[in-house]
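Here the structure comes first, spelled out in structure tokens, and everything after it is commentary.
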Amino acid sequence: MGDGFLTVRLTRDLWQLEPRHIELARAISAVAREYDALADRSAVQEVQVAIAAKQDEIDVDFWRAVLGYLPMTDDNAVDPLGHGSTVWMQEIDASKPLRHAMHIDVSVAHEQALVRLQAALAAGGRIVDDSHAPEYWTLADRAGNRVCIVSWPDGPVRQPSKGVE
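Structure below.
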């Protein structure tokens, strides 16, 4: 708690939203409403480093050791201090060529996803794949480095256009 703001920090030992998480969020929101607090969803994000590898080359233990991270799931690593991004070992099909072995996932609130997409495009990025929009878009910089902008599944699903309007 600080001058005019309150931060709620939850554990990161979850893979996806479950009913208990929704119940907790509703309880926190109810208390916040009692104090006329307003949420600033633009200030919240989760950044994940996704490292692609074929099954026999997945080195999650290496990444845990070098980063000082702990297991979150079998294919993930998480910063025990809660400061760094999660690391996910993304298994790829053995028959596929390994092109971009690492990319970044940036997960934001629904209403922030298109804002981030538009900003990235304005900064020179390009859409590589929008076939999963509005859940996520894959973008690339000029060098081909990839990033996924992921929209949280935390509210009513809206159907915005796949690209930028």
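Number 17 in the UniProt record's numbering belongs to position 17 of the sequence shown; there are no gaps in the numbering. All residues carry an ideal CB built from backbone N, CA and C; glycine is no exception.
Whole-angstrom distance between residue j and residue i, CA atom to CA atom
| i | j | result |
| --- | --- | --- |
| SER29 | ALA109 | 16 angstroms |
| VAL66 | HIS103 | 18 angstroms |
| ARG126 | ALA50 | 19 angstroms |
| ALA52 | THR138 | 15 angstroms |
| ARG41 | VAL60 | 31 angstroms |
| ARG64 | LEU98 | 22 angstroms |
| LEU70 | ARG142 | 34 angstroms |
| PRO153 | ALA25 | 14 angstroms |
| ARG33 | GLY82 | 27 angstroms |
Residue nearest to residue i in terms of C-alpha spacing, selected from the options
| i | options | result |
| --- | --- | --- |
| ALA94 | ASP36, ASP56, GLU18 | ASP56 |
| VAL128 | LEU121, ALA140, ALA120, TYR136 | ALA140 |
| PRO80 | GLY68, ALA39, VAL87 | GLY68 |
| VAL147 | GLU111, VAL47, PHE62 | VAL47 |
| ASP75 | GLY84, PHE62, ALA27 | PHE62 |
| GLN90 | ALA77, GLY84, HIS83, GLY82 | ALA77 |
| LYS96 | SER85, ALA32, LYS54 | LYS54 |
| PHE5 | GLY82, LEU38, ALA122 | LEU38 |
| ALA101 | GLU23, HIS21, LEU17, ILE58 | ILE58 |
| VAL106 | GLY84, ALA122, GLY124 | GLY84 |
Per-residue DSSP class, three states only, for residue i
| i | result |
| --- | --- |
| residue 176 | This structure cannot speak to residue 176, because the chain is shown only from 1 to 165. |
| GLU18 | coil |
| LEU81 | coil |
| ILE58 | coil |
| SER107 | strand |
| residue 172 | Residue coverage of the chain in this structure runs from 1 to 165, which leaves residue 172 outside it and unanswerable. |
| TYR136 | strand |
Cβ-based burial, residue i [other Cβ within 10 Å; buried from 16]
| i | result |
| --- | --- |
| ALA133 | buried |
| VAL115 | exposed |
| SER131 | exposed |
| VAL8 | exposed |
| VAL44 | exposed |
| TYR136 | buried |
| ASP36 | exposed |
| VAL87 | buried |
| ARG158 | Note on ARG158: pLDDT 48, under 50, position unreliable in the model; the coordinate value appears next. Looking at its Cβ environment, which holds fewer than 16 other Cβ atoms inside 10 Å, ARG158 is exposed. |
Chain-order list of residues whose beta-carbon lies under 6 angstroms from that of residue i (same chain, five-residue window excluded)
| i | result |
| --- | --- |
| ALA113 | ILE149, SER151 |
| PRO19 | none |
Spatial neighbours of residue i in its chain, beta-carbon cut-off 8 angstroms, leaving aside the 5 residues before and after
| i | result |
| --- | --- |
| ALA120 | LEU139, VAL147, ILE149 |
Cβ-heavy atom distance, residue i to the ligand MN, below 8 angstroms
| i | result |
| --- | --- |
| ALA53 | Only the bare structure without any ligand can be found here, which leaves the ligand MN out of the picture. |
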